[in-house]
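So this note's numbering is basically just the index in the sequence shown, starting at one, shifted up by 38. In this text, a Cβ means the ideal position worked out from N, Cα and C, and glycines have one as well. All values derive from a computational prediction rather than experimental measurement.
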Amino acid sequence: MKVKHAMHEGATWCTPDTPLQELAKILRDEDIGAVPIGENDRLVGIVTDRDIVCRGVVQGVISALCPPEML
Numbered sequence: 039m040k041v042k043h044a045m046h047e048g049a050t051w052c053t054p055d056t057p058l059q060e061l062a063k064i065l066r067d068e069d070i071g072a073v074p075i076g077e078n079d080r081l082v083g084i085v086t087d088r089d090i091v092c093r094g095v096v097q098g099v100i101s102a103l104c105p106p107e108m109l
């Protein structure tokens, strides 16, 4: 099997300035685990759902997205 058979086409891109909360909503709404980050038509990184959990929790982003009873 080749990558082209497993990949999602038409990926949503974000910029490095996109708020983490907005990116988390994209992951949730599109039921995906990662979003490529681009700048000036170049891929500069990727943010995964794991990145949001590991880094976002520390910065309080998760608590802003979830009601207290879910935490």
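Nearest residue (CA-CA) to residue i, options the options
i	options	result
Arg-66	Asp-87, Ala-44, Gly-76	Asp-87
Ala-72	Asp-89, Val-41, Lys-42	Asp-89
Glu-68	Ala-44, Gly-48, Val-91	Gly-48
Ser-92	His-43, Leu-58, Thr-50	According to the sequence provided, residue 92 is Cys. The question's Ser does not apply to it. The candidate whose alpha carbon is nearest that of Cys-92 is Leu-58.
Through-space distance from residue j to residue i, alpha-carbon basis
i	j	result
His-46	Lys-63	18 Å
Glu-60	Thr-53	11 Å
Val-41	Ile-70	16 Å
Asn-78	Met-39	32 Å
Expected contact under 8 Å - CB spacing of residue i and residue j to nearest Å
i	j	result
Val-85	Gly-76	In fact, because the Cβ distance is near 12 Å, the residues do not count as touching under 8 Å.
Contact set for residue i: own chain, Cβ-Cβ below 7 Å, skip 5 residues either direction
i	result
Asp-55	none
Pro-74	Ala-49, Trp-51, Leu-81, Ile-84
*Which runs of the beta strand (DSSP E) fall wholly inside the region 61 to 92 and span at least 3 residues, in chain order?*
Runs of the beta strand (DSSP E) inside the region 61 to 92: 72 to 77, 80 to 86.
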